[in-house]
Each structure stands twice: as structure tokens, then as C-alpha cells.
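J.:
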Amino acid sequence: MLLFAIRRMLQAIPILLGVSLVVFGLVHIVPGNPIDMLMPPEASPEVIAQMKAAFGFDKPLYMQYLLWLLRAVQGDFGLSVFNATPVWGQLVTALENTFVLAILGAALGFSLGILCGMVSALYHGRWPDKVFSAIATVGVSLPHYWCAIVLVLFCAVLHDWLPAQGMGDDSLPLYHRLQYLVLPVITLSLIPMGVIGRLVRATVLDILGQDFVGALSAKGLTRWPVIRHIAKNAAPPVLALMGLQFGYLLGGSILVETVFNWPGSGNLLNLAIFRRDIPVLQATILVLATFFVLLNLLVDIAQAAIDPRIRR
Amino acid sequence: MSTALQQAPRAVDARDRGGPAQPLLIVEHLTKHFPVRGGLLNRRVATVQAVDDISFSVRKGETLGIVGESGCGKSTTARLLMRLLEPDSGSVVFDGDQVGDKRGIAVNDMRRQMQMVFQDSYTSLNPRMTMAESIAYAPRMHGLGRREAYDRAESLLSRVGLNPRQYARRYPHELSGGQRQRVNIARALALQPRLVILDEAVAALDKSVEAQVLNLLTDLKQSLNLTYVFISHDLNVVEYMSDRVMVMYLGRVVEAGPVAEIYRHPRHPYTRALFASKPTLDPDRRTTEMPLTGDPPNPINPPSGCRFRTRCRFAQPRCADSVPALAAPFDGNADPTHLVACLVPEAQSAGAVHHA
Amino acid sequence: MSDITLDRQLVSEADTLVVPAPGYWKSVGQRLLRDRVTVAVTVVLFGILFITLGAPLVTHYNPYAGSVLARLKPIGTPGHWLGTDETGRDLWTRLCYGGRLSLLAAILPVTISLLVGGFLGILAGYAGGFLGTLIMRTMDVFYAFPSILLAIAICGLLGNGLLNSIIALAVVFIPPMVRVSETVTTQARNLDFVEAARASGSSTLQIIRHHVLANVLGPIMVYATSLISVSIILSAGLSFLGLGVTPPQAEWGLMLNSLRQAIYVQPYVAALPGLMIFATSMCFNLMSDGVRGAMDVRLNK
């Protein structure tokens with residue numbers, strides 16, 4: 000077991016290196032000099048040369064990469080081109096906000112998904128199955144940014160129940176601030192609900208079809224213990240997918256955050272793209288991708304801990 | 000039964016190179032080990048010694064039976080002969096030409112003369128191809144025209160007992176196991192081979208269907224001048240089909256010889272134990288041999304020297320020191336081709352098994 | 000002697016069916032036709048295709064011309080049955096013409112990834128060994144990114160435009176396509192009939208063409224179809240962020256964005272483009288489910 004964990008961790012290292020290469024390389028394969036993107040066109044050659052030296056663009060490419068990587072590992076991503084504040088600070092604050100949304104969205108989505116999936120599987124073929132399967136399918140096909148707009152439409156525009164945007168001020172009471180969370184969290188929970196719901200349904204149906212479940216029932220076990228057995232067997236693939244979905248929520252929240260103007264890492268990314276703020280862009284993508292890789296690593300190890308067949 | 004047929008004069012194949020005295024297949028010191036990977040860096044942690052230094056020959060026109068329990072290396076041997084697996088060492092000589100050698104015969108040419116029928120009749124056939132397409136595939140790939148290939152496929156279908164008008168355009172899932180296995184046999188015959196390897200070809204069939212397919216195989220062997228290597232774990236079937244038999248244990252050959260001799264006077268303690276495990280209702284055919292003792296073999300860490308020694312009640316210290324070679328039995332042999340791999344005379348002669 | 004045994008065998012195993020059963024693909028088609036959900040969904044998809052490709056036939060307005068006087072009219076206005084957008088252009092017309100770009104931006108990346116990813120995956124699956132490992136490990140690096148993030152990163156750096164959005168999505172879709180193709184090919188390769196084909200002395204190319212491909216393309220195509228439903232949402236999402244199609248072009252995601260401010264004035268009109276995205280994505284999703292179901296039962300014989 001420990002051997003498997005160590006091996007998996009070692010495998011993650013080249014992937015992380017590859018990720019950093021991709022992030023670094025993306026900026027440089029883009030047509031146009033990075034400097035030209037930062038400087039106004041009328042800047043004099045001396046100023047340009049100065050900026051180049053300051054940013055290190057005059058050094059050979061692999062040197063730039065190594066320097067960037069070295070600093071990145073220590074948390075130093077430089078200053079934002081837009082507002083000259085340290086990138087790291089902005090990123091951390093933004094990440095915290097996204098994290099709040101992701102955790103809540105995941106919790107809501109996973110619980111609803113597991114519920115839908117279990118009910119569908121246990122009442123296979125009858126109307127609860129059809130209803131909950133339809134809900135899950137809708138959850139997966141729904142463009143969540145559109146859903147966000149629709150929710151805003153009903154709850155904020157037409158009926159003024161909940162705030163439409165933003166995160167709320169620190170000065171507001173907690174109850175009021177929580178209102179800002181409701182719509183974004185519901186929106187984020189839809190896709191995980193759909194995805195997990197479908198997987199749970201398929202997995203549980205698969206297990207129900209296996210002989211040992213019949214054997215358990217024949218032994219005289221009542222409903223609840225059988226369900227616990229099913230849950231234990233269905234856990235590994237579902238857990239893996241949950242980890243993946245959480246990663247998507249963290250890394251892919253940009254669309255929802257844009258609609259709700261939620262100051263998270265997705266919003267930061269959006270702004271960075273439009274301001275051509277390369278340091279912020281690189282830092283955000285790198286950190287989010289790293290999170291994703293580490294999350295997958297954790298999920299793999301957790302899966303192996305539960306299901307001994309996975310460890311080789 | 001087989002011997003009677005063998006005595007009829009046989010037409011000589013145009014591809015014959017060495018005449019009737021030369022064995023069609025000579026296998027020498029064939030070895031195949033599979034690495035077991037594990038540990039931190041996925042290194043080779045252990046080795047499965049699937050086939051270890053086996054040597055045998057197959058005469059033209061005979062049926063060589065290979066028996067043994069699961070894991071003894073029978074199927075690996077079949078795949079090594081067909082070169083579906085590359086041997087680690089050893090050589091295969093087909094009608095005088097070494098396979099894979101520049102001066103010998105190329106693997107692809109050998110495959111035109113040697114074919115194989117697999118155990119699972121369903122997965123052996125492409126589910127998306129009709130029966131005629133499956134049979135015609137190999138000839139077409141070797142350059143035969145479409146019309147001729149399909150004609151040959153249809154004539155082969157009727158040869159194996161299936162009406163081509165009914166079966167040529169069927170798919171595998173529409174046929175029964177016995178019918179599919181007939182198609183597999185037809186497919187193996189499509190390239191007009193001289194040697195056919197039957198790897199547990201009837202193991203998955205019902206008894207009545209098995210009998211029909213075995214009869215078909217016997218007919219085909221006679222009419223098409225074939226040589227068979229018949230692999231099976233079913234001792235009765237091997238006795239029915241084979242002229243000579245080879246017994247394998249944990250990747251090695253422990254006994255080989257004419258079928259009647261081996262079945263009547265088995266010498267190797269493993270062979271005797273194998274026959275003792277055959278159930279029979281005849282009160283005259285009672286055995287006095289003790290059943291096998293000890294743990295089932297592990298091909299990853301086989302015992303040193305003679306691999307059967309951990310389960311053999313006649314084992315002596317020298318059994319662990321050296322690998323017993325195939326040699327004549329200690330009490331002399333009625334047939335010079337009867338060979339045993341055992342160093343202990345008492346082991347070879349103890350407890351006769353009444354069995355004919 | 001042989002003739003007698005053969006005759007008896009013919010009689011004992013004779014099949015009463017004389018008419019040959021339909022081929023594999025035909026029976027899949029028959030199953031699909033009996034599945035009402037899939038049929039309904041396919042009809043809807045054809046409808047969507049019709050109104051987008053045949054836009055001039057269903058509407059006479061110009062998608063780019065609008066009158067400021069007629070801006071943001073509600074649903075049901077005479078002459079503009081779905082209302083108008085923020086510059087006065089007829090919404091129904093914009094939806095129809097916009098569908099062309101939306102569908103193009105969604106289907107083209109999937110097609111590219113099918114060709115490139117499918118090829119790489121089948122190669123990796125059949126050849127295995129060092130080449131296979133190399134391909135899969137390279138894909139693993141791209142798998143380390145959440146799809147939206149990677150798409151946005153590539154798009155954000157390449158710039159706006161339909162072409163860049165297509166490239167970005169193609170890059171995002173290639174790794175999962177490679178993974179699916181590799182898995183399916185590896186499974187097919189280990190089946191006995193492929194071994195038998197190898198034993199018959201055919202070349203690798205012949206074996207792949209005749210035995211592997213037919214058995215592998217089915218699941219790959221099903222996956223590609225389900226990928227289209229994701230692609231529609233992602234490509235519209237990119238345009239929504241301003242990274243894809245640029246104004247004044249018509250495209251559903253872009254329309255959703257530009258109508259966002261109008262949500263306080265004409266809420267229902269503002270939500271319409273999203274409805275098209277949702278409906279199209281849902282149809283592709285259900286269709287791919289239906290095709291997979293029709294193919295699976297046969298395979299599990």
C-alpha cells in the first residue's frame with residue numbers, strides 16, 4: 000500500500016513538470032512578443048530594453064523557464080502588470096473565495112446526486128427511476144452559465160428574493176451574506192449532481208445484478224444492511240469521480256463566477272485575460288492545474304486504500 | 000483406431016521436404032519465462048517459468064497429444080509453436096527448416112503450413128464478420144482473389160458439415176458452440192496447412208457435440224493428410240485421438256511415448272496420479288495409487304531439480320539436485336520412444352494402475 | 000463413411016431458418032428505430048439543423064440589421080415572434096443564423112479530435128510497448144488540466160475568434176479521445192480472433208483494418224457523440240466569455256452574453272439563446288445514450 004502511494008507520488012512529479020512547461024510554453028508560443036503585449040506601442044527602444052531586462056525576457060528561453068519555476072515554487076509570481084500588487088496575495092484571496100463555492104457546491108451536488116442515483120437504481124424501471132434519471136441527464140446537459148442567468152432572472156430580477164451578484168460586504172450580518180451564496184452554489188451543484196447521479200445509478204444497478212447481493216438477501220438481511228453492502232462496493236468508482244468533479248469545480252468555476260461577479264480565481268482569470276496580465280494568468284493556471292493533479296493523486300491513493308484490487 | 004487408419008498409404012504433399020522419415024516438427028529446448036513486475040520502479044520481481052526447456056518431435060501424419068493440468072504450460076507451448084509468442088530460447092524446426100532462421104523458413108511461410116484452433120469458439124470469431132468472411136480472410140490476405148477465396152470458404156463449410164447456403168452469411172452469435180467450432184476448424188484449414196494445433200478445441204463443448212467434432216477431426220485428418228498436435232486436459236479424449244502422448248508438469252515434459260503404452264504402463268508418478276484421478280464406473284478398473292499430496296504448484300517459484308518432488312512420495316535428496324532428463328524407463332521399454340523424466344527406479348515401477 | 004456422418008450431422012444441427020438474419024449494423028439500426036426517445040431526439044436535431052442551415056427559408060430578416068427603435072421587444076410582438084435583441088435585430092433570425100456558428104464551433108473540434116485522437120489511441124492500443132506508453136504519458140500531462148481551464152488558457156492566449164476557439168477545444172478533446180480509443184483497442188487486441196488473424200500471417204495493417212477497426216469504431220463514435228454535447232456547452236461558454244466568436248456575428252453563447260444586461264428589461268428574451276444551447280446539447284446526449292444502448296445489447300450476446 001505504502002509502495003503504491005510512493006509510486007503514484009513519484010509519477011505525479013513528471014506530470015507537474017509537464018504542466019509547468021505547458022503553462023510557461025503557452026505564453027511563448029503565442030504570436031507576438033510578450034513585451035509588446037505589455038508596453039504601449041509608442042514606447043522608446045530603451046524603455047523596451049529596460050523592461051526586457053527587468054522581466055528577464057532577454058535571457059535564453061530555458062533560463063527563463065527555470066527562473067520562473069524556481070520562483071513559482073516559493074510562491075513568488077512577481078507583480079501583477081495591471082495593478083502592480085503581488086500576484087500571490089491576489090491569488091490566495093481569490094482561491095479562498097472559489098474554495099468556499101466549490102466545497103458547498105460539491106457537497107450539495109454530491110448528496111443530491113447520490114440520492115438521485117440510489118433511488119433510481121433501487122426503483123429501476125419504475126417512475127422514480129425515470130424522473131431522477133431525467134433530472135440527472137438535465138443536470139449534465141445544462142449549460143450552467145445559462146442556468147445561472149435563469150436563476151438570477153427568477154430570484155433576483157423577477158422576484159427580488161436573493162441578490163444577483165457579488166459576495167457582499169464584510170459589514171453585513173452573516174445571514175445576509177449567506178444569501179449571496181445561495182444562487183452560485185445551486186448553479187455549481189447541478190453538473191456534479193448529474194454526473195454523480197448517473198454513475199451511482201449505473202454502479203448500483205451493476206452491483207444489484209451480481210449474485211452476491213441475492214445471497215445476502217437470502218441470508219435474511221433486511222433492507223438497510225444490504226444497502227450498506229452495496230454502498231461499500233459502489234464507493235471506489237464514485238469516489239474517484241467525486242474527486243474529479245471537485246477538481247473541475249475548483250478549476251472550472253470561471254463561467255459561474257463571471258455571471259455572479261463572484262471574486263474568485265475564475266473571475267481573476269477572466270480579468271487577467273482581458274487585461275493581458277500575463278503573470279497573473281500564468282500563476283492562476285499553474286496553481287489551479289497543480290491543485291487538480293494533487294487532487295487526482297489523493298483520489299487514486301484513497302481508491303487504492305479502499306479497493307485492494309487496484310494496487311498492483 | 001488411429002493406428003488402423005495410419006497404415007493406409009498416404010499421398011505425399013507437394014510441399015513435403017524431407018520425406019516420411021523426417022519429423023514434421025522438431026522442438027528443442029524451447030523456453031519461455033514471463034516477468035512479474037512490481038516494486039517501486041516496476042522492475043522484474045519474479046519470473047513465471049511457463050515453459051522450461053522442452054523438447055519433442057511430431058511425426059508426419061500422427062497426432063501428438065499433450066496433457067497436463069492447468070498451468071502446466073500447454074497453451075503457452077501452442078502459442079510458442081505458432082510464434083504468437085517469441086520464445087526466450089530454443090528452436091523449432093518445421094520439416095527440416097528452422098523457423099525464423101534466414102536459411103530456414105520464415106515465420107509467415109510457416110504459418111501457411113501450420114494453423115491453430117482455439118478453445119473459446121465465440122471469441123475466436125470476429126463478431127462483425129460473417130462465417131464466409133472469417134474463413135476467406137486468411138486466403139485473401141495471402142493474395143487469393145475474392146471469388147476464389149469465397150468459393151474455398153464455402154467448400155470448407157460443407158467439408159466441416161455445415162451447409163454453406165445456410166451458414167455462409169451468418170454471424171457468430173447466431174450459431175451454437177459446436178457449429179462455431181466447426182467454422183474455426185474450417186478457418187484453420189483455409190490456408191491448407193499440414194499441421195493443425197488444437198488447443199483445448201473441444202473443451203467447451205457438450206459431450207454429444209464433442210463426439211461429433213472429434214469424428215470430424217479424424218475424418219479431416221485422413222482425407223487431408225494432416226498432422227495434429229492435440230492439447231487437452233481431458234485424458235479420455237486424448238487417448239481416443241492421439242497416436243503418441245506427452246505429459247507436461249509445471250512447464251516441463253515428464254513423460255512421452257505411444258498412447259497405448261503410456262495409458263497402460265505409465266511410469267512417471269505424476270502420470271500415474273493423473274490417471275488415478277480419472278473417474279470410472281468399471282469395478283475392474285480400480286486403482287491402488289495414492290492420490291496426489293502436497294500443495295498445487297506455483298509456476299513462479301518452482302522447486303529445484305525435479306519439479307514434482309514436493310508432491311512425490313518417492314522423492315529423494317538427489318531429486319532436488321539435478322533436473323531429470325527424458326530417458327528410457329529403468330525396467331526397459333517396449334517402445335524406444337517411451338521416455339520418462341525421473342531418477343528414482345521405485346517411483347517408476349511402484350503400484351501398477353489397472354487401466355487399458 | 001465420411002458422407003454418412005456428414006449427412007447425419009447436417010440433419011442433427013440443421014437450422015430451420017432459411018432467410019439469413021440481418022447484419023450487425025442493420026440490427027443496430029432496427030433497435031434504434033424502435034427506441035422512441037432516440038427517434039424523437041433525432042427528429043428534433045434534424046429540425047435544429049434545418050432551421051440553422053436553411054435559415055433563409057424560415058426567416059426573411061437580416062441577422063445583422065436592426066433598428067434601434069425596435070430594440071428589446073418582448074416575445075409575441077407582431078413581426079418578431081421571439082422578440083428583438085439589444086440592437087433591434089430579430090431574435091428568431093439571430094438564433095437561426097447563430098446556430099450555424101454554434102454548431103460549427105462545436106462539431107468541428109470533436110471531428111478533429113476524433114481523427115487525431117482516434118488515430119493516436121488506436122496506434123497506442125495496438126502497438127503497446129514504448130510507443131503506447133509515450134503517447135499515453137504525454138496525454139496524461141494534458142489531462143492534468145480541467146477542460147474549461149485549458150480551453151480558456153489556450154483561447155485567452157491565442158486571442159479571439161472562431162478559429163482559435165476551435166483549435167483550443169480540439170486540443171482539449173484529444174486526450175480523452177486518445178484514452179477511450181486506446182482502452183477499446185487494447186480490449187479488442189486481446190481477443191482470440193485477433194490472435195487467430197495474427198496466426199494466419201496477415202500484416203499489422205491488414206489486421207487493424209479488417210478486425211480491429213470495425214469492432215472499435217462503434218464505441219469511439221458513441222463517445223464522440225457524447226463529446227459533442229459537451230463541446231456545444233464549452234464553445235458557447237467560450238463565446239460567452241468573449242473568447243470565441245466576436246460581434247456582430249451571431250452565435251448562441253455570444254448572444255447570451257450581450258443580452259445579459261437586457262435581463263432587467265426583457266428577461267425572457269435574454270434567456271432564449273441558452274435554451275437553444277441546452278436543447279441541442281441534451282439532444283446529442285440522449286442520442287449518444289440511445290446509440291450506445293442499441294449497440295451494447297448485441298455485444299453482450
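Chains as they are written, first to last, in numbering that gives the first Met the number 0: chain R, 0 to 311; chain Y, 0 to 355; chain D, 0 to 300.
All C-beta atoms, glycine included, are put in the ideal place defined by N, C-alpha and C.
This one's a predicted model, so the numbers in the text were calculated from it and none came from an experiment.
What does the alpha-carbon distance come out to for the pair leucine 56 of chain D and isoleucine 276 of chain D?
T.: Against the third sequence, residue 56 of chain D aligns to sequence position 57. Against the third sequence, residue 276 of chain D aligns to sequence position 277. Their backbone Cα atoms lie some 21 Å apart in a straight line.
J.: Report the residue ranges of all alpha helix (DSSP H) runs contained in full by the segment 144–189 of chain R; include only those spanning at least 4 residues, in chain order.
T.: Entirely contained in the segment 144–189 of chain R, not one alpha helix (DSSP H) run reaches 4 residues.
J.: Roughly how many angstroms separate the alpha carbons of alanine 105 of chain D and isoleucine 12 of chain R, rounded to a whole number?
T.: The residue you call residue 105 of chain D lines up with position 106 of the third sequence. The residue you call residue 12 of chain R lines up with position 13 of the first sequence. Looking at the two C-alpha atoms, the distance is approximately 34 Å.
J.: Does threonine 226 of chain Y come out as helix, strand or coil in the three-state DSSP assignment?
T.: For the purposes of this step, residue 226 of chain Y is identified with residue 227 of the second sequence, where counting begins at 1. DSSP places threonine 226 of chain Y in strand when its eight states are reduced to three.
J.: Just the chain D side, please: which residues come within less than 8 Å of methionine 81 of chain Y by C-beta, in chain order?
T.: The residue labelled residue 81 of chain Y in the question sits at position 82 within the second sequence. Those within 8 Å of methionine 81 of chain Y in chain D are Ala198.
J.: Within the same chain, show all residues whose beta-carbon is closer than 7 Å to that of tyrosine 144 of chain R, passing over the 5 residues directly before and after it, in chain order.
T.: Mapped onto the first sequence, residue 144 of chain R falls at position 145. Only Leu254, Val255 and Val258 meet the Cβ criterion.
J.: How would you list, in chain order, the residues of chain D whose beta-carbon sits under 9 Å from the beta-carbon of leucine 204 of chain Y?
T.: As a first step, residue 204 of chain Y must be located in the second sequence, where it is residue number 205. Within chain D, no residue comes near leucine 204 of chain Y; the closest Cβ sits about 12 Å away, beyond 9 Å.
J.: What are the uninterrupted segments assigned as beta strand (DSSP E) that are 3 or more residues long and contained completely in the segment 102–137 of chain Y, given in chain order?
T.: Segments of the beta strand (DSSP E) lying fully in the segment 102–137 of chain Y: 113–116.
J.: Assuming contact is defined by CB atoms lying nearer than 8 Å, are valine 50 of chain Y and leucine 79 of chain Y in contact in what I supplied?
T.: Translated into the one-based positions of the second sequence, residue 50 of chain Y becomes position 51. Translated into the one-based positions of the second sequence, residue 79 of chain Y becomes position 80. A contact, by the Cβ cut-off of 8 Å.
J.: Could you pull the DSSP bridge partners for alanine 45 of chain Y from this structure?
T.: Numbered from 1 along the second sequence, position 46 holds the residue referred to as residue 45 of chain Y. Y:Val35.
J.: For tyrosine 142 of chain D, which three-state DSSP category applies?
T.: For the purposes of this step, residue 142 of chain D is identified with residue 143 of the third sequence, where counting begins at 1. Helix at tyrosine 142 of chain D.
J.: Which chain D residues are close to phenylalanine 117 of chain Y, counting only those with a beta carbon under 8 Å from its beta carbon?
T.: In the second sequence, residue 117 of chain Y corresponds to position 118, counting from 1. Those are Asp191, Glu194 and Ala195, listed as they occur along chain D.
J.: Can you give me, in chain order, the residues of the segment 136–151 of chain R that have a beta carbon less than 9 Å from any beta carbon in chain D?
T.: Hits within the stretch, in order: Thr136, Val137, Val139, Ser140, Leu141, Pro142, His143, Tyr144, Trp145, Cys146, Ile148, Val149 and Val151.
J.: For chain Y, find out if any of its Cβ atoms is closer than 8 Å to the Cβ of alanine 293 of chain D; answer yes or no.
T.: Taking the third sequence and counting its residues from 1, one reaches residue 293 of chain D at position 294. Not closer than 8 Å to any Cβ of chain Y, the Cβ of alanine 293 of chain D fails to qualify, so no.
J.: Does histidine 123 of chain R come out as helix, strand or coil in the three-state DSSP assignment?
T.: In the first sequence, counting from the first residue as 1, residue 123 of chain R sits at position 124. Looking at histidine 123 of chain R - three-state DSSP - the assignment turns out to be coil, as it is neither helix nor strand.
J.: May I ask you to list, following chain order, the residues of the segment 224–241 of chain D that have a beta carbon less than 7 Å from some beta carbon of chain R?
T.: Those would be Ser228, Ile232, Ala235, Gly236, Phe239 and Leu240, in chain order.
J.: Distance, Cα to Cα, glutamate 66 of chain Y vs glutamine 221 of chain Y?
T.: The count along the second sequence starts at 1 and reaches residue 66 of chain Y at position 67. The count along the second sequence starts at 1 and reaches residue 221 of chain Y at position 222. First, the amino acid is wrong: residue 66 of chain Y is valine here, not glutamate. Going from the Cα of valine 66 of chain Y to the Cα of glutamine 221 of chain Y covers about 23 Å.
J.: Helix, strand or coil for alanine 93 of chain R, going by three-state DSSP, please let me know.
T.: As a first step, residue 93 of chain R is located in the first sequence; it is residue number 94 there, counting from the start. Looking at alanine 93 of chain R - three-state DSSP - the assignment turns out to be helix.
J.: Considering Cα atoms alone, identify which of D:Asp139, D:Ser199 and D:Gln248 is closest to isoleucine 14 of chain R.
T.: Numbered from its first residue, the first sequence carries residue 14 of chain R at position 15. Per the Cα distances, D:Asp139.
J.: Taking the alpha-carbon positions, what's the alanine 333 of chain Y to phenylalanine 55 of chain Y distance?
T.: Residue 333 of chain Y sits at position 334 when you count from the first residue of the second sequence. Residue 55 of chain Y sits at position 56 when you count from the first residue of the second sequence. Taking the straight line joining both Cα atoms gives about 19 Å.
J.: Given this structure, state the Cα-to-Cα distance separating proline 77 of chain D from alanine 270 of chain D, to the nearest angstrom.
T.: The sequence position of residue 77 of chain D within the third sequence is 78, counting from 1. The sequence position of residue 270 of chain D within the third sequence is 271, counting from 1. Rounded to the nearest angstrom, the two C-alpha atoms are 20 Å apart.
J.: Count the other C-beta atoms from every protein chain shown that fall within 10 angstroms of the C-beta of histidine 267 of chain Y, then say buried if there are 16 or more, exposed otherwise.
T.: Reading the second sequence from its first residue, position 268 is the one you call residue 267 of chain Y. Classification of histidine 267 of chain Y: buried, given that the 10 Å Cβ count is 16 or more.
J.: Going by beta-carbon coordinates alone, are alanine 319 of chain Y and arginine 308 of chain Y separated by less than 8 Å?
T.: Looking up residue 319 of chain Y in the second sequence gives position 320. Looking up residue 308 of chain Y in the second sequence gives position 309. Yes, these two residues count as a Cβ contact at 8 Å.
J.: If you follow the alpha helix (DSSP H) that tyrosine 63 of chain D is in, where does it begin and where does it stop?
T.: The residue given as residue 63 of chain D occupies position 64 in the third sequence. Segment: none, tyrosine 63 of chain D is in no alpha helix (DSSP H) and carries neither H nor E.
J.: Beta-carbon of glycine 28 of chain D versus every beta-carbon of chain R: anything under 8 Å?
T.: Numbered from its first residue, the third sequence carries residue 28 of chain D at position 29. Glycine 28 of chain D does not count as touching chain R.
J.: Which residues bound the beta strand (DSSP E) around arginine 99 of chain Y?
T.: Taking the first residue of the second sequence as 1, we reach residue 99 of chain Y at position 100. The question names arginine, but residue 99 of chain Y is glycine in the sequence shown. From DSSP, glycine 99 of chain Y is part of no beta strand (DSSP E); its letter is neither H nor E.
J.: Is aspartate 89 of chain D helix, strand or coil by DSSP?
T.: Counted from its first residue, the third sequence places residue 89 of chain D at position 90. Strand.
J.: To the nearest whole angstrom, what separates the beta carbons of proline 287 of chain D and threonine 184 of chain D, a pair I think is in contact under 8 Å?
T.: Taking the first residue of the third sequence as 1, we reach residue 287 of chain D at position 288. Taking the first residue of the third sequence as 1, we reach residue 184 of chain D at position 185. Position check: residue 287 of chain D holds serine in this sequence, whereas proline was assumed. Contact flag wrong, Cβ pair sits at about 20 Å.
J.: Taking 8 Å as the threshold (beta carbon to beta carbon), is aspartate 34 of chain D in contact with chain R?
T.: Within the third sequence, the letter at position 35 stands for residue 34 of chain D. Output row for aspartate 34 of chain D: interface = no.
J.: If you count every other CB in all the chains shown that lies within 10 Å of the CB of valine 72 of chain R, and 16 or more means buried, which is it?
T.: For the purposes of this step, residue 72 of chain R is taken as the residue at position 73 of the first sequence. The residue is exposed, with fewer than 16 neighbouring Cβ atoms inside 10 Å.
J.: Using a C-beta cutoff of 8 Å, does leucine 314 of chain R count as contacting chain D?
T.: Residue 314 of chain R is absent from the structure shown; chain R starts at 0 and stops at 311.
J.: Measuring only between beta-carbons, confirm whether tyrosine 263 of chain D sits less than 8 Å from chain R.
T.: Residue numbering aside, residue 263 of chain D sits at position 264 when the third sequence is read from its first letter. It does: the Cβ of tyrosine 263 of chain D has a partner Cβ on chain R nearer than 8 Å.
J.: Where does serine 19 of chain R fall in DSSP's three states?
T.: By 1-based counting over the first sequence, the position of residue 19 of chain R is 20. If DSSP states are grouped into helix, strand and coil, serine 19 of chain R belongs with the helices.
J.: Compare the C-beta of leucine 94 of chain R with all C-beta atoms of chain D and state if any pair is closer than 8 Å.
T.: Here residue 94 of chain R is taken as the residue at index 95 of the first sequence, counted from 1. For leucine 94 of chain R, the answer is no, since every Cβ of chain D falls outside 8 Å of its Cβ.
J.: For histidine 79 of chain D, write down the residues that DSSP places opposite it in a beta bridge.
T.: Position 80 of the third sequence, counted from the first residue, corresponds to residue 79 of chain D. BP columns for histidine 79 of chain D point to D:Thr76.
J.: Using a Cβ-Cβ cut-off of less than 8 Å, list which residues of the segment 52–71 of chain D approach chain R; keep chain order.
T.: Residues passing the 8 Å Cβ filter: none.
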